[in-house]
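See structure below.
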Amino acid sequence: MAVAWIPQAIIFKPPFCYWSMNRRLEHPYCEVMRFKGLIGVAALTAVVLSQAVAAAPTDTPADRAASVVAQLRDASSVNHATGCAARIAEGDIESGGLKGRFLIATDPGMQTGIIKTTNLGLLDFSIGVTKTGVWVQDGNATIRDADFPGFRTGLVSEIYWASGGLANACWPAEVRYVGEEPQGADVADILEVVPQGGKVTKVWVSRESHLPLKWTRRDEPAVATTSYAAYGSGTSHGIPLEQTFVDRDGTRWVLHTKRVRRSVPPSDVAALSTKPQTRLTDYGIDSATTTTVPMRIEGQLYVDVFLDGKGPFNFMVDTGATLQLSSKTIAQLGLKALGEGSDTDIDGNAFVERIVKLPEFRLGDAHIRGLYAKEADLGGGASGGPRPLDGVIGTELLDRFVTTFDYPHHSLTLALHPNLGAADDARFSIPFMLDHTLPVTTGQINGIPAQFWIDTGLNTAVVVNVPFALFHAGQMPSRRYDGGSIHGASGKGSPVFLGRLASIEVGQLTVPKPVALFPTLNVGLVSDTETAGDLGDALFMTSALTFDYQDRKAWVVPDATAAPSASKNVQTGMRVEVDSTGDAVVGAIYKDSPAWEAGLRKGDQITAIDGNPVSQDLVNATRRKISSGELKSVRLSVLRDKASFDVVVRPRDYIQ
């Protein structure tokens, strides 16, 4: 859990002037700079209010930015020729107990390059930027085009900084002076930098060495940030020899440069950066081109799978996830940890996962062999329905098979490309790109054109990202209800509110009056400014949803026989928690909800449900019956301050 009509950038204003590339927010002082050509030569375009012009300061932010860049280039011993020269750096890389090799080849003159790691298993990756496009490859050898602009421009920025960043006079960039900040005994000047073709980044430049200390393309601490510990001298002058970077999933990497070749032929970099033409061959469907299995819809989507000949195991299918196994599943299979990786959930919480290799994954008659997987505590993000959750799979299926989620008929179909069957209907096709591994489409929210992630691991209709809700505050629900908290895979959560939208439109699907979640913390995925939010399973309950990742095609096919249900939000308005001793306690209760009106309060102990002694299984079963609308009322036996009494709660859709 994850989009776009923004052009590849040539001129940008600072990020507070553009909350997203297609939604402008003007600020009283927005200026941009472009550094291009000879050393220290800069052309300045300023947008300044009249009172700022009248002041005519002698040391403007533009002057400071120009000075910092000039000193940085002097400290890097860069002239126009060497600053634009292609180079190749190689060395050792460590992450999560795994050790491997890296290669960074860049040609700033052509704005191309590659970052590639080997011998790290699942953590291996490649980023390639060419004149014709940007591509990535993961540890399971899957190659994808970075077609979503928000994802693509971030990768271009990675190559820009890997090629020397501001030290390169031939790679145009807009620069804005932000301020200064202590860095130990040093002081750093902070610049916002938007390289041509890239996205907004921020760099801290040492006043002592005049070289970059770190840079980041996110405002969150220690995410998507590269830090430099040591620079080379002599022929490696100005090139980072020791650096650490934390990717957007929270995985930490340490690089030790061992060899640098400067002024290499540009053709060498072009050859290394070319997108590989290999195709995955690790999958198939036994004696057929399609396979269909039952899909259980219990808040989220669940299927039975077999792992290395054992099973069935209860798996959630989540388009926003990669293969994860529970600790219990790993123990049952006897798999040994190869190292560690990290990930972040929808709420920005990072968590560590062990890495294993799975000999065979089987779903129906479909199989995939030799997949890497991560071990995760799966108790926090999903209950697994009535059964414990053994694992999660997402992009590994979608990368290999044409995948159809048939919500009305509770089935999941995998087909070999390009066998699309009845889904290949242009009337129901929707635009589709990938933000890393998460599908992104366009549509409308309350009539506002928007971009959305599609996330089958999300058990609600839509989560509205914080920046979108703030920017369009006048068109968002004025009345919002306490919605408890939203939980990601880390198990942690943060408060959210519920509100009813007028409508959501995706392709030919229009859902009237869906209930949306509005997060309160502007961190993690919900802080994204390039998408309006995350579309979940509840939105597609009357449709079949098909993805063809290879051709970037998707379809939402409404089922005329299915009863409309996506707009319903039947609930009690409370959260019941069962602890390790078996006691059930009201952990949260929401004002104006049916539970609130019945007289329940936070901290009440539930001793029985409809006369049956309380248990985790009974709580789960009751919750499912309430969500489906099957249970019109429920009698709860309550213990409060040593007093016992019964209350009747009548669940309903109380969000107005």
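Quick note on numbering: the sequence shown equals residues 13 to 668 in the working numbering. Don't be surprised by glycine CBs; every beta carbon is placed ideally from N, CA and C.
Requested in this report: Go through the stretch 280 to 357 residue by residue and report every complete run of the alpha helix (DSSP H) that reaches 4 residues or more, in order.
Outcome: DSSP runs (the alpha helix (DSSP H)) wholly in the stretch 280 to 357: 339 to 345.
When you compare only the Cα positions, how much space is there between L292 and L410? Taking the straight line joining both Cα atoms gives about 12 Å.
Roughly how many whole angstroms lie between the Cα atoms of L84 and L178? Whole-angstrom Cα-Cα distance: 8 Å.
Excluding sequence positions up to five away, which residues of its chain have a Cβ less than 6 Å from the Cβ of V661?
These residues qualify, in order along the chain: T584, P606, A607, A610 and V646.
Within 10 Å of its beta-carbon, does S88 have 16 or more other beta-carbons around it, so buried, or fewer, so exposed? Counting Cβ neighbours within 10 Å, S88 comes out buried, since at least 16 surround it.
Fill in: Separation of D320 from S299, as counted between CA atoms
Taking the straight line joining both Cα atoms gives about 19 Å.
Among residues of its own chain, excluding the 5 on either side of Q520, which ones have a beta-carbon nearer than 6 Å to its beta-carbon?
Excluding sequence neighbours, Q520 sits near F440.
Beta-ladder partner(s) of G403, from DSSP
G403 has F327 and L337 as its beta-bridge partners, per DSSP.
query = Roughly how many whole angstroms lie between the Cα atoms of E312 and D549?
reply = The sequence given here has Gln at residue 312, not Glu. Their Cα atoms are separated by approximately 7 Å.
Item checked: Residue of W265, V190, P306 and T449 minimising C-alpha distance to T238 -> If we check each option's Cα against that of T238, W265 comes out closest.
For G545: DSSP bridge partner residues = DSSP links G545 through a beta bridge to F464 and V476.
If you reduce the DSSP assignment to three classes, tell me which class V661 lands in.
If DSSP states are grouped into helix, strand and coil, V661 belongs with the strands.
Report task. Kindly indicate the opening and closing residues of the alpha helix (DSSP H) around A607. Result -> A607: member of the alpha helix (DSSP H) spanning P606 to E609, first to last residue.
key: Per-residue burial, F444 [other beta carbons within 10 Å of its own, 16 or more giving buried]   = That one is buried.
Next item on the list: Determine the DSSP secondary structure at T238, reduced to helix, strand or coil.
Entry: For T238, the three-state secondary structure derived from DSSP is strand.
Under 7 Å Cβ to Cβ from R156, same chain only, skipping five residues before and after it: list those, please. Counting only Cβ-Cβ distances below 7 Å, and skipping sequence neighbours, we find W147, V148 and L446.
Quiz item: Residues bridged to Y602 by DSSP?
Solution: Secondary-structure assignment with DSSP links Y602 through no beta bridge to anything.
Residues near L132 in its chain [Cβ-Cβ closer than 6 Å; skip 5 each side]: These residues qualify, in order along the chain: L110 and G112.
Task: I127, DSSP secondary structure in three states - done: If DSSP states are grouped into helix, strand and coil, I127 belongs with the strands.
inquiry  = Please report the distance separating the alpha-carbon of G631 from that of I618.
reply    = Residue 631 is actually Val in this sequence, not Gly. Using only the alpha carbons, I get a separation of about 10 Å.
(Q) Is it buried or exposed, E642, if we count other Cβ atoms within 10 angstroms and call 16 or more buried? (A) Here E642 is exposed: its Cβ has fewer than 16 other Cβ atoms, across all protein chains shown, within 10 Å.
Note to self: Does any residue of chain C have a CB that is nearer than 8 Å to the CB of G406?
What the structure shows: As a matter of chain content, chain C is missing from the structure shown, which is built from one protein chain.
If we count the other Cβ atoms within 10 Å of its Cβ and call it buried at 16 or more, is A655 buried or exposed?
-> The residue is exposed, with fewer than 16 neighbouring Cβ atoms inside 10 Å.
Exercise for the section: Taking H379 as the reference, give the member of V217, T129 and T301 with the closest Cα. Expected result: Among V217, T129 and T301, the Cα nearest to that of H379 belongs to T301.
* To do: Go ahead and label F114 buried or exposed: buried means 16 or more other beta carbons lie within 10 angstroms of its beta carbon, across all protein chains shown.
  => With 16 or more other Cβ atoms within 10 Å, it is buried.
Can you look up N632 in the DSSP assignment and give me helix, strand or coil? The answer is helix: DSSP assigns N632 an H, G or I state.
Best match in G140, E106 and I105 for proximity to T118 [C-alpha to C-alpha]: Looking at the Cα atoms, G140 is the closest of the given residues.
Next item on the list: Provide the residue(s) that pair with A200 in DSSP beta bridges, ordered along the chain.
Entry: Answer is E193 and S218.
Extent of the continuous alpha helix (DSSP H) run through F137: Taken as a continuous stretch (DSSP letters only), F137 belongs to no alpha helix (DSSP H), as it is neither H nor E.
task = Let me know the secondary structure DSSP gives E170 once reduced to three states.
result = If DSSP states are grouped into helix, strand and coil, E170 belongs with the helices.
I667 vs Y384 beta-carbon contact at 8 Å: Taking 8 Å as the Cβ cut-off, I667 and Y384 do not qualify as a contacting pair.
| query | Okay, do the stretch 537 to 545 and the stretch 407 to 424 touch, 3+ Cβ pairs below 8 Å being the bar? | reply | Contact fails: fewer than three Cβ-Cβ distances are below 8 Å.
- Message: Considering Cα atoms alone, identify which of G250, A236, G615 and E352 is closest to F163.
- Response: For the residues G250, A236, G615 and E352, the minimum Cα distance to F163 belongs to A236.
(request) Would you list, in sequence order, the uninterrupted beta strand (DSSP E) runs of no fewer than 3 residues that lie entirely inside the stretch 506 to 545? (result) Runs found: 515 to 518, 521 to 524 and 527 to 531.
Query - Cβ neighbours of T290 in the same chain (closer than 8 Å, five flanking residues each side left out) - result: The answer, listed in chain order, is A153 and I155.
Exercise for the section: Inspect the beta-carbon positions of T212 and A185 and report whether they are closer than 8 Å. Expected result: Sequence check: residue 212 is Val here, not Thr. Between V212 and A185, the CB-CB gap reaches or exceeds 8 Å.
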